[in-house]
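**Q** For any residue, its number in our numbering is found by taking its place in the sequence shown, counting from 1, and adding 1100.
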Amino acid sequence: MSNVTDSMLEKRTLKGDFGAEVAGVDLTKSFGADTQKAIRDLWIKRGVLLFRGGDAGDDAQMRLSEIFGELEPSATADLNDPDNRFMMTLAYDPQDKNPKFAQHYNVGGVDRAGWLGWHWDQAFMPTIVRGATLRMVKPAQEMGETGFIDAIEAYDRLSAEMKARIDDLEVVYEFNPDFTSGQFGFPKDIRALPREKKSSAHSYDFPPVIHPLVITQKESGRKILKLSPMHARYILGMHRTESNALLSELADHLVDPQFAYFHDWQANDILVWDNWRVIHSANGVPLDCSRYARRTTIMGDYGHGRYLDASLNRDRQIRRIVD
Ligand SMILES: [Fe+2]
């Protein structure tokens, strides 16, 4: 019996010490407990894993996902595969007459579908899902990159004074469906395009939630700048002017593009990200390009979130959309 270790599986890092391309694992076959542990260990060490060069289908993606935890069906039924509620389709097709998310934006002078600002998934919920896998079945002909930033690295490069100032702060988040109203870490030039098609997306009930600004990765003791700029509103208990200035400074520090890894997708690539550690963004695609991806969500609760309204049970059932 061979003893596979995480370093044996690492072909290269994606940016500096962050992210890793995994080699030597055939996702179409079952693999042993030592390989599963090595994959988990590498994921904790690097934050994002890339599996490239295979032709994995839904079954292989599901099997890979289950290494990291129990899977969670999307609560948005119309995104779920009718035959497999743990598998979601994230797609854009300019010919689609009934798109799920029809709001398009102009960013940097380019009209885009599927653009998303920097965020961790479920920032507007008291629980935070453990992670996700995304498999690119059909990459966009242009753009379509997914960005990742390591919030451990971002914490490390804060000044000692800033670390001391923010270590015990908490941030209030609220679901933000209009990206042009985002206050922190958004491109200054973003504007919404007029809607040409009616969206079939629904709106949901998301009461404000509170998350700590700094958490610790329990496996390593490393601190994480746990800020999700897309839905951040204010720092709990701080005067709004001071809060806005501090969140702007931290968000600009966090989303500095020179520290980001932008993944240029090839067909069949699978990325797995640690949602308790990294933030991600979607560059979007030109409106005449199509794209087709499959996603799974790994269930989790990091244990530090709560509702702003203390009378609400953090386990209350709520329908959420995929962000
Ligand atoms: Fe996301």
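Glycine included, every Cβ here is placed at the ideal spot set by N, Cα and C.
Going by DSSP, what residues sit across from L1150 in a beta bridge?
**A** As a working note, residue 1150 is residue 50 in the sequence shown. L1150 pairs with E1121 and L1371.
**Q** Measuring only the C-alpha atoms, how far is C1389 from N1198?
**A** As a first step, residue 1389 is located in the sequence shown; it is residue number 289 there, counting from the start. As a first step, residue 1198 is located in the sequence shown; it is residue number 98 there, counting from the start. The straight-line gap from Cα to Cα measures roughly 16 Å.
**Q** Of the choices H1331, D1250 and T1396, whose alpha-carbon is the least far from that of R1235?
**A** Translated into the one-based positions of the sequence shown, residue 1235 becomes position 135. Out of H1331, D1250 and T1396, T1396 has the C-alpha closest to the C-alpha of R1235.
**Q** Which class does R1377 belong to by DSSP, given the choice of helix, strand or coil?
**A** Reading the sequence shown from its first residue, position 277 is the one you call residue 1377. Note: R1377 maps to coil in three-state DSSP.
**Q** In the DSSP assignment, what are the bridge partners of D1250?
**A** For the purposes of this step, residue 1250 is taken as residue 150 along the sequence shown, with counting starting at 1. Looking at the DSSP assignment, D1250 forms a beta bridge with V1378.
**Q** Assuming E1121 contacts R1163 under a Cβ cut-off of 8 Å, what Cβ separation, rounded to an integer in Å, is found between them?
**A** Counting from one through the sequence shown, the residue named residue 1121 turns up at place 21. Counting from one through the sequence shown, the residue named residue 1163 turns up at place 63. Actually they are not in contact, since the Cβ atoms of E1121 and R1163 sit about 19 Å apart, beyond 8 Å.
**Q** Do you know how far the Cα of D1158 is from the Cα of R1414?
**A** Residue mapping note: residue 1414 aligns to position 314 of the sequence shown, counting from 1. Residue mapping note: residue 1158 aligns to position 58 of the sequence shown, counting from 1. If I take the Cα positions, the gap works out to 32 Å.
**Q** Starting from D1221, follow the alpha helix (DSSP H) in both directions and report where the run begins and ends.
**A** As a position in the sequence shown, residue 1221 is number 121, starting the count at 1. Per DSSP, D1221 belongs to no alpha helix (DSSP H) and is neither H nor E.
**Q** Measuring alpha carbon to alpha carbon, tell me which residue in A1382, G1244 and F1248 is nearest A1367.
**A** The count along the sequence shown starts at 1 and reaches residue 1367 at position 267. The shortest Cα separation from A1367 among A1382, G1244 and F1248 belongs to G1244.
**Q** Could you compute how far the alpha carbon of A1138 sits from the alpha carbon of G1400?
**A** By one-based count along the sequence shown, residue 1138 stands at place 38. By one-based count along the sequence shown, residue 1400 stands at place 300. The alpha-carbon atoms of A1138 and G1400 are separated by roughly 20 Å.
**Q** If you count every other CB in all the chains shown that lies within 10 Å of the CB of H1339, and 16 or more means buried, which is it?
**A** As a working mapping, residue 1339 is identified with position 239 in the sequence shown. Exposed is the call here.
**Q** Do L1350 and L1327 count as a contact pair if the criterion is CB distance below 8 Å?
**A** Reading the sequence shown from its first residue, position 227 is the one you call residue 1327. Reading the sequence shown from its first residue, position 250 is the one you call residue 1350. Result yes, Cβ atoms of L1327 and L1350 sit closer than 8 Å.
**Q** Excluding the 5 residues flanking K1323 on each side, which residues of the same chain have their C-beta closer than 6 Å to its C-beta?
**A** Counting from one through the sequence shown, the residue named residue 1323 turns up at place 223. Around K1323: Y1255, V1314 and T1316.
**Q** Is D1221 close to ligand 1? I mean its beta-carbon at under 7 Å from any heavy atom of the ligand.
**A** If you number the sequence shown from 1, residue 1221 lands on position 121. Yes.
**Q** For S1281 and R1185, what's the separation of their Cα atoms in angstroms?
**A** The residue given as residue 1281 occupies position 181 in the sequence shown. The residue given as residue 1185 occupies position 85 in the sequence shown. So the two alpha carbons sit approximately 32 Å from each other.
**Q** Whole angstroms are fine: how far does the CA of P1182 sit from the CA of V1237?
**A** For the purposes of this step, residue 1237 is taken as residue 137 along the sequence shown, with counting starting at 1. For the purposes of this step, residue 1182 is taken as residue 82 along the sequence shown, with counting starting at 1. Whole-angstrom Cα-Cα distance: 18 Å.
**Q** In the structure shown, what three-state DSSP assignment does D1211 receive?
**A** Counting from one through the sequence shown, the residue named residue 1211 turns up at place 111. D1211 falls in the strand class under three-state DSSP.
**Q** Would a C-beta distance cut-off of 8 Å place R1377 and P1226 closer than the cut-off?
**A** Taking the sequence shown and counting its residues from 1, one reaches residue 1377 at position 277. Taking the sequence shown and counting its residues from 1, one reaches residue 1226 at position 126. It is not a contact, given that the beta carbons lie outside the stated cut-off.
**Q** Use the C-beta contact count for S1411: other C-beta atoms within 10 angstroms, 16 or more gives buried, fewer gives exposed.
**A** If you number the sequence shown from 1, residue 1411 lands on position 311. Result: exposed.
**Q** For L1127 and E1166, I'd like the C-alpha separation in whole angstroms.
**A** Position 27 of the sequence shown, counting from 1, holds the residue named residue 1127. Position 66 of the sequence shown, counting from 1, holds the residue named residue 1166. Roughly 12 Å separates the two Cα atoms.
**Q** Taking C-alpha atoms, which residue in A1264, I1379, D1369 and L1408 lies nearest to A1240?
**A** Translated into positions along the sequence shown, residue 1240 becomes position 140. The shortest C-alpha separation from A1240 is found at D1369.
**Q** So M1236 is in the beta strand (DSSP E); what residue range does that whole segment cover?
**A** Translated into positions along the sequence shown, residue 1236 becomes position 136. Run containing M1236: G1231 to K1238, per the beta strand (DSSP E) assignment.
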